[in-house]
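S.K.:
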Amino acid sequence: MASTPETVAAAPAHGAEHPGLAHHFESYEQQRESASLGMWIFIAQEIMFFGGLFIAYAVYRHMYPDGFAAASAELDVKLGTFNTVVLIGSSLTMALAVRAAQLGRSKASAWFLIATMALGTTFLGVKGIEYHHKYVEHHIPGPSFQFTGEHHGQPVPANQARIFFGLYFGMTGLHALHMVIGLGLLLWLLYHTRKGRFTPDNYNYVEGVGLYWHFVDIVWIFLFPLLYLIGRH
Amino acid sequence: MSAHISSVKTYFTVFLCLMAGTALTVWAAFHDFGALSNVVALGIAITKATLVILFFMHVRYSTRMTGLVVLSGALWLFFLFALTLADYLTRVFVPVQAAAGM
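So the protein sequences, as listed, match chains A and B. The first sequence runs 52 to 284 under our numbering. The second sequence runs 170 to 271 under our numbering.
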């Protein structure tokens with residue numbers, strides 16, 4: 052990019068001949084592996100970020116099993132299952148968008164990105180409906196919190212249910228924030244895909260956002276059974 | 170050498186396995202497995218996550234270096250759980266007998 056004519060002549064593999072290859076990489080392969088490795092290190096950090104909430108959930112559920120079961124039973128399994136299917140479906144379209152980019156099919160890639168965004172938006176819309184239900188039922192922790200549920204015929208203390216709902220909103224809220232950021236990244240990818248910026252040699256941004264999107268899907272794969280499905284029998 | 174490109178068939182097969190896992194975990198939640206309920210739910214979730222990591226996230230075709238980072242992420246999560254739960258799961262509150270005359 053900023054190289055003088057002399058360095059271009061000395062290193063013909065770079066510069067004008069390979070505009071998609073940054074000067075500090077030997078080859079496209081090395082550049083691609085570095086990008087993917089960096090993304091994975093970020094995801095390893097994200098695992099610990101969410102891990103704090105998961106361990107808080109484990110400790111409190113161990114302390115108040117009945118309160119957690121009764122509060123979990125108030126969530127809508129149908130909407131939760133629907134959203135799980137939608138989110139896994141969005142992972143499929145994301146994987147297909149990356150595949151299309153690998154093959155240099157920008158048009159197909161753009162359509163798969165749009166499908167991923169549509170599914171992601173659907174997920175957030177359903178989440179909004181669920182949050183609204185909780186708001187109407189006074190299940191949002193705060194001054195107006197009320198809970199009269201029971202587990203196996205026994206009433207459970209409202210304080211225990213409040214801890215469950217605190218974790219429910221904290222965990223699904225952080226997850227939803229990740230999805231909003233993901234949708235922004237997808238919009239950015241769509242813009243550059245339509246500009247024809249990605250090639251089979253360098254589609255690293257598509258792959259990187261794909262890794263992030265799949266990670267967010269994995270977080271939901273754990274959140275769904277832990278929040279919606281305990282104490283159903 | 171260029172990156173491995175998975176077939177559309179592979180992606181759809183993985184997707185159908187993930188759908189089957191979702192159906193299975195919902196079904197299992199409405200049946201009583203006693204103490205094994207958590208093991209069943211988490212076992213299905215870990216299997217689904219592994220499928221996503223190996224195929225959607227291409228770790229099956231990535232370098233060993235990438236695999237090492239993935240495993241270290243899981244290892245540190247395991248440390249977090251093992252060390253924290255080693256405390257909370259072993260807390261037994263033994264009632265203390267008040268000393269006579271105090």
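In this text, a Cβ means the ideal position worked out from N, Cα and C, and glycines have one as well. In this text, all values refer to a predicted model and were calculated from it rather than measured experimentally.
Going by CA-CA distance only, name the one from A:161, A:145, A:79 and A:127 that's closest to residue 244 of chain A.
M.R.: Of the candidates A:161, A:145, A:79 and A:127, the one whose C-alpha sits nearest the C-alpha of residue 244 of chain A is A:161.
S.K.: Are the C-beta of residue 242 of chain A and some C-beta of chain B separated by less than 9 Å?
M.R.: Not closer than 9 Å to any Cβ of chain B, the Cβ of residue 242 of chain A fails to qualify, so no.
S.K.: For chain B, check one thing: does any of its Cβ atoms lie closer than 9 Å to the Cβ of residue 273 of chain A?
M.R.: Taking Cβ atoms only, chain B reaches closer than 9 Å to residue 273 of chain A, which makes this a yes.
S.K.: Pull out every residue of the stretch 97-109 of chain A whose Cβ sits closer than 7 Å to any Cβ of chain B, in chain order.
M.R.: If the cut-off is 7 Å between Cβ atoms, the stretch 97-109 of chain A has 98, 99, 102, 106 and 109 near chain B.
S.K.: So is residue 162 of chain A in contact with chain B if we call contact Cβ pairs under 9 Å?
M.R.: Chain B contact via Cβ: absent.
S.K.: Residue 132 of chain A CB to nearest chain B CB: under 9 Å?
M.R.: Yes, contact with chain B.
S.K.: Give the secondary structure of residue 97 of chain A by DSSP, where H, G and I count as helix, E and B as strand, and everything else as coil.
M.R.: It is helical.
S.K.: Specify, as a first and last residue, the run of the alpha helix (DSSP H) that residue 251 of chain A falls within.
M.R.: Element bounds for residue 251 of chain A: n/a, residue is neither H nor E.
S.K.: Taking the straight line between their C-alpha atoms, what separation do you get for residue 109 of chain A and residue 202 of chain B?
M.R.: Straight-line Cα distance between these residues: approximately 19 Å.
S.K.: When burial is assigned at 16 or more other CB atoms within 10 Å of the CB, is residue 193 of chain A buried or exposed?
M.R.: Answer is exposed; the Cβ neighbour count stays below 16.
S.K.: In this structure, what does DSSP give as the bridge partners for residue 264 of chain B?
M.R.: According to DSSP, which records beta bridges pairwise, residue 264 of chain B is partnered with nothing at all.
S.K.: What do you get for residue 270 of chain A, buried or exposed, if any count of 16 or more other CB atoms within 10 angstroms of its CB means buried?
M.R.: By the neighbour-count rule (16 or more Cβ atoms within 10 Å), residue 270 of chain A is buried.
S.K.: Under 9 Å, Cβ to Cβ, is there at least one residue of chain A near residue 204 of chain B?
M.R.: No, its Cβ sits nowhere closer than 9 Å to a Cβ of chain A.
S.K.: Thinking C-beta only, is residue 242 of chain B closer than 9 Å to residue 98 of chain A?
M.R.: Taking 9 Å as the Cβ cut-off, residue 98 of chain A and residue 242 of chain B qualify as a contacting pair.
S.K.: Given that residue 242 of chain B touches chain A, what residues does it touch there, using C-beta distances under 7 Å?
M.R.: Simply 94, 95 and 98.
S.K.: Check distances from the C-beta atoms of the stretch 250-261 of chain B to those of chain A and list, in chain order, the residues that come in under 8 Å.
M.R.: Under the 8 Å Cβ criterion, the stretch 250-261 of chain B contributes 250, 253, 254, 257 and 258.
S.K.: Could you tell me which residues DSSP puts in a beta bridge with residue 201 of chain A?
M.R.: Residue 201 of chain A pairs with A:206.
S.K.: Take the Cβ of residue 210 of chain A as the centre, count every other Cβ of all protein chains shown within 10 Å, and call the residue buried at 16 or more, exposed below.
M.R.: That one is exposed.
S.K.: Are the beta-carbon atoms belonging to residue 21 of chain A and residue 202 of chain A less than 9 Å from one another?
M.R.: In this structure chain A extends from 52 to 284, so residue 21 of chain A is not present and cannot be described.
S.K.: Quick one: which unbroken alpha helix (DSSP H) runs of 4-plus residues sit fully inside the stretch 73-153 of chain A? Chain order, please.
M.R.: Segments of the alpha helix (DSSP H) lying fully in the stretch 73-153 of chain A: 79-114, 116-123 and 128-153.
S.K.: Is the Cβ-Cβ distance between residue 265 of chain A and residue 225 of chain B less than 9 Å?
M.R.: Yes, the pair counts as a contact, with Cβ atoms nearer than the cut-off.
S.K.: Where does residue 276 of chain A fall in DSSP's three states?
M.R.: Helix, per DSSP.
S.K.: What would DSSP say about residue 61 of chain A, mapped onto helix, strand or coil?
M.R.: With a pLDDT of 48 at residue 61 of chain A, under the threshold of 50, the predicted position of this residue should be treated as unreliable, though the coordinate-derived value follows. If DSSP states are grouped into helix, strand and coil, residue 61 of chain A belongs with the helices.
S.K.: Unbroken alpha helix (DSSP H) runs of length 4 or more, entirely within the stretch 173-199 of chain A: which are they?
M.R.: Counting only runs of 4 or more, we get nothing.
S.K.: Could you check which residue in A:240, A:185, A:234 and A:154 has the C-alpha nearest to that of residue 217 of chain A?
M.R.: For residue 217 of chain A, the nearest C-alpha among the options comes from A:185.
S.K.: Does residue 170 of chain B have its Cβ less than 9 Å from a Cβ in chain A?
M.R.: The pLDDT assigned to residue 170 of chain B is 46, lower than 50, so where the model puts this residue is not dependable; a value taken from the coordinates is nonetheless given after this. Yes - at least one Cβ of chain A is within 9 Å of the one on residue 170 of chain B.
S.K.: Straight-line CA distance for residue 282 of chain A to residue 152 of chain A?
M.R.: Each residue's Cα considered, the two are about 44 Å apart.
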